[in-house]
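Chemist: Residues -20 to -1, 1 to 146, numbered by mature numbering (1 follows the signal peptide of the UniProt record, and there is no 0), are exactly what the sequence shown covers, in order. C-beta atoms are modelled at their ideal positions from N, C-alpha and C, and glycine is treated no differently. First the structure, which I've put down as structure tokens, then a few questions once you've had a look.
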Amino acid sequence: MRRLNILLAAAFVASAAASAHDPGHGDTPLREEVQRDLARARAATARFKDVQASLDAGYQPTDVCVSHPAHGAMGFHYKKPSLRDAIVDEEQPEILLYARAPNGALKLTGVEYVVPLDAWTQPTPPVAFGQTMRREETLQIWYLHVWLWENNSAGIFSDWNPALKC
């Protein structure tokens, strides 16, 4: 488990240069359909503001808070392996993102959608919320971060949140 967490952290840090700039997502108005999908995702994940609810639902915590000195952080990843497949369901994210609140408690900040590269057989990348998912070779996944519960000045779909620290 520790090795996987280190690999996960290394892969995200390695992808920082490619994803640090999130063109068009910081101030670009979102289409009405995307706004509806985001509202559905918020409604579906609101219960996970209580970290115990995520554990009860089968999400598994990682012990690494993923951060980058120049770009901010992603936070702690709580993953649900049974959801890792070729299906992108906005109401069932594969990963929940948490950060430490000032009082030390974990707070839900966002979600991440993941599709294994070998599970995706379509000629074009998967899409969620009108966004093409990003390819990550080290982890062999397509992924998309969505900052549903924490404002992100870099954009709601940016990999890193400059306001977060580990």
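GLY55 and PRO142 - do their beta-carbons sit closer together than 8 Å?
Modeler: Position 162 of the sequence shown, counting from 1, holds the residue named residue 142. Position 75 of the sequence shown, counting from 1, holds the residue named residue 55. No, the Cβ-Cβ distance between PRO142 and GLY55 is not below 8 Å.
Chemist: Rounded to whole angstroms, how far is the Cβ of VAL91 from the Cβ of TYR123, which I believe are closer than 8 Å?
Modeler: For the purposes of this step, residue 91 is identified with residue 111 of the sequence shown, where counting begins at 1. For the purposes of this step, residue 123 is identified with residue 143 of the sequence shown, where counting begins at 1. Incorrect: roughly 11 Å between the Cβ atoms, too far for contact.
Chemist: For the candidate residues TRP127, PRO9, ARG16 and LEU10, whose alpha-carbon lies nearest to that of TYR78?
Modeler: For the purposes of this step, residue 78 is taken as the residue at position 98 of the sequence shown. Looking at the Cα atoms, TRP127 is the closest of the given residues.
Chemist: At what residues does the beta strand (DSSP E) containing GLU116 begin and finish?
Modeler: Here residue 116 corresponds to residue number 136 of the sequence shown, with the count starting at 1. Per DSSP, GLU116 belongs to the beta strand (DSSP E) from 114 to 116.
Chemist: Evaluate ASP98 with the Cβ neighbour count: other Cβ atoms within 10 Å of its Cβ, from every protein chain shown; 16 or more gives buried, anything less gives exposed.
Modeler: As a first step, residue 98 is located in the sequence shown; it is residue number 118 there, counting from the start. It counts as exposed.
Chemist: Which value, in whole angstroms, describes the spacing of the CA atoms of CYS146 and LYS60?
Modeler: Residue numbering aside, residue 146 sits at position 166 when the sequence shown is read from its first letter. Residue numbering aside, residue 60 sits at position 80 when the sequence shown is read from its first letter. In a straight line, the C-alpha of CYS146 is about 22 Å away from that of LYS60.
Chemist: Measure how close the beta-carbons of PHE109 and LEU35 come, nearest whole angstrom, since I'm counting them as under 8 Å.
Modeler: Residue 109 sits at position 129 when you count from the first residue of the sequence shown. Residue 35 sits at position 55 when you count from the first residue of the sequence shown. Not a contact, Cβ separation roughly 26 Å.
Chemist: Whole angstroms is fine: what's the gap from LYS87's alpha carbon to THR104's?
Modeler: As a working mapping, residue 87 is identified with position 107 in the sequence shown. As a working mapping, residue 104 is identified with position 124 in the sequence shown. Their Cα atoms are separated by approximately 34 Å.
Chemist: With which residues is SER62 paired in a DSSP beta bridge?
Modeler: Indexing the sequence shown from 1 puts residue 62 at position 82. DSSP output for SER62 lists no bridge partner at all.
Chemist: Output the distance between the C-alpha atoms of ARG115 and ILE121, rounded to the nearest integer angstrom.
Modeler: Counted from its first residue, the sequence shown places residue 115 at position 135. Counted from its first residue, the sequence shown places residue 121 at position 141. Their Cα atoms are separated by approximately 6 Å.
Chemist: Would DSSP call PHE28 helix, strand or coil?
Modeler: As a first step, residue 28 must be located in the sequence shown, where it is residue number 48. Note: PHE28 maps to helix in three-state DSSP.
Chemist: Whole angstroms are fine: how far does the CA of GLN102 sit from the CA of PHE28?
Modeler: By 1-based counting over the sequence shown, the position of residue 28 is 48. By 1-based counting over the sequence shown, the position of residue 102 is 122. So the alpha carbons of these two residues sit roughly 31 Å apart.
Chemist: Can you say whether GLY84 is buried or exposed, counting buried as having 16 or more other CB atoms within 10 angstroms of its CB?
Modeler: On the sequence shown, residue 84 is found 104 positions in, with the first residue counted as 1. Classification for GLY84: exposed.
Chemist: Are the beta-carbon atoms belonging to TYR58 and PRO82 less than 8 Å from one another?
Modeler: Translated into the one-based positions of the sequence shown, residue 58 becomes position 78. Translated into the one-based positions of the sequence shown, residue 82 becomes position 102. Taking 8 Å as the Cβ cut-off, TYR58 and PRO82 do not qualify as a contacting pair.
Chemist: Would you report the Cα separation of VAL31 and SER133, rounded to the nearest angstrom?
Modeler: The sequence position of residue 31 within the sequence shown is 51, counting from 1. The sequence position of residue 133 within the sequence shown is 153, counting from 1. VAL31 and SER133: Cα-Cα distance of roughly 25 Å.
Chemist: Run through the DSSP bridge pairs and tell me what HIS125 is partnered with.
Modeler: If you number the sequence shown from 1, residue 125 lands on position 145. Its beta-bridge partners are GLU92.
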